Amino acid sequence: AQTVTQSQPEMSVQEAETVTLSCTYDTSESDYYLFWYKQPPSRQMILVIRQEAYKQQNATENRFSVNFQKAAKSFSLKISDSQLGDAAMYFCARQGGSEKLVFGKGTKLTVNP
Amino acid sequence: GAVVSQHPSWVICKSGTSVKIECRSLDFQATTMFWYRQFPKQSLMLMATSNEGSKATYEQGVEKDKFLINHASLTLSTLTVTSAHPEDSSFYICSANSGGAYEQYFGPGTRLTVT
Chain A
1 AQTVTQSQPE MSVQEAETVT LSCTYDTSES DYYLFWYKQP PSRQMILVIR
51 QEAYKQQNAT ENRFSVNFQK AAKSFSLKIS DSQLGDAAMY FCARQGGSEK
101 LVFGKGTKLT VNP
Chain B
114 GAVVSQHPSW VICKSGTSVK IECRSLDFQA TTMFWYRQFP KQSLMLMATS
164 NEGSKATYEQ GVEKDKFLIN HASLTLSTLT VTSAHPEDSS FYICSANSGG
214 AYEQYFGPGT RLTVT
């Protein structure tokens, strides 16, 4: 099975500090996309950041950036200057040619004031 | 842009009855829609993929006769849970993408409680 693994069920960070969420995946495809989604208590899935596998440059969206290591099949999310509103479940996901999204089990992020 | 709605947001039904959940793309044509199920404190599990005008493709282990999916138009897909049982209680989420685009847009979800 082509899986997505998030090894940190829970993480916490102090407000204004930086936190990194880990994700590894398994795939036999050469062309695919990787995503980080945020799910707050409202349960609405919100796209945080995406990375095309063919691009070597790591994606960045304001305070959110990724460390994409294709050979290692690793895709971590770094949140800088953490804010209280960043508290949520974060899901890593992979999408291949079938367009199906495969999600990791999620990491619950707590931001402490 | 790229808004997906779901209706209802919360439904309670009695065991043995059927319930229909609608998923609509409001400002784009969704060639493909996906239905997920999420149990409390768990991840999203893909149930099925539906393409407009064709039969849905169900994931392994998902009962197609129990979870009926109809993608009747480019903006509407429905999930009908037939003969619902308490174990069907869950959060159901749909997503949609337009042709050629890789990004999926998620609906707000529907909480189903079967009593």
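Just so you know, the sequences run in chain order A and B. Position 69 (the first sequence) corresponds to 69 in the numbering used here; numbering is contiguous. Position 63 (the second sequence) corresponds to 176 in the numbering used here; numbering is contiguous. Ideal placement from N, C-alpha and C gives every residue a C-beta, glycine not left out. The structure presented is a predicted model; accordingly, all values stated were derived computationally and were not measured.
Q) Any beta-carbon of chain A closer than 8 Å to the one on Phe-219 of chain B? A) yes
**Q.** Residues that Glu-99 of chain A contacts on chain B, provided the C-beta gap is smaller than 9 Å
**A.** Thr-145, Phe-147, Thr-162, Asn-210, Tyr-215, Gln-217
Q: Determine the chain B residues that contact Tyr-33 of chain A at a beta-carbon separation under 9 Å, and present them in chain order.
A: Tyr-215, Glu-216
Q.
Below 8 Å on the Cβ atoms is my contact criterion, and I expect Thr-144 of chain B with Glu-165 of chain B to pass it. Report the Cβ-Cβ distance as a whole number of Å.
A. 6 Å
Q) Which residues, in order along the segment 39-64 of chain A, keep a beta-carbon less than 9 Å from a beta-carbon of chain B? A) Gln-39, Ser-42, Arg-43, Gln-44, Met-45, Ile-46, Leu-47, Arg-50, Glu-52
Q: Check the Cβ-Cβ distances between Leu-159 of chain B and every residue of chain A, and say whether any is below 8 Å.
A: yes
Q) Just to check, is the beta-carbon of Leu-181 of chain B closer than 7 Å to a non-hydrogen atom of the ligand MN? A) Ligands in the displayed structure: none, and consequently the ligand MN is not present.
Q) Helix or strand or just coil, what does DSSP make of Leu-187 of chain B? A) coil
Q. Using a Cβ-Cβ distance under 8 Å, would Ser-196 of chain B count as near chain A?
A. no
Q.
I want to know whether the segment 11-26 of chain A touches the segment 89-103 of chain A - three or more CB-CB distances under 8 Å.
A. yes
Q: Taking a Cβ distance cut-off of 7 Å, strictly less, list which residues of the segment 168-182 of chain B are near chain A, in chain order.
A: none
Q.
Is the beta carbon of Thr-18 of chain A closer than 8 Å to that of Ser-82 of chain A?
A. yes
**Q.** Nearest candidate by alpha-carbon position, reference Thr-110 of chain A, set A:Thr-3, A:Gln-6, A:Gln-14
**A.** A:Gln-14
Q | Beta-carbon neighbours of Gly-166 of chain B, restricted to chain A and to distances below 8 Å | A | Here the premise fails: no neighbours, minimum Cβ distance about 17 Å.
Q) Nearest to Lys-78 of chain A by alpha carbon, out of A:Asp-31, A:Tyr-37, A:Gln-2, A:Ser-30? A) A:Tyr-37
Q | Exposure label - Gly-220 of chain B; buried when at least 16 CB within 10 Å | A | buried
(Q) At the level of alpha carbons, what is the spacing between Tyr-149 of chain B and Asn-210 of chain B? (A) 14 Å
Q: Would you verify that the beta carbon of Lys-105 of chain A is, or is not, closer than 8 Å to some beta carbon of chain B?
A: yes
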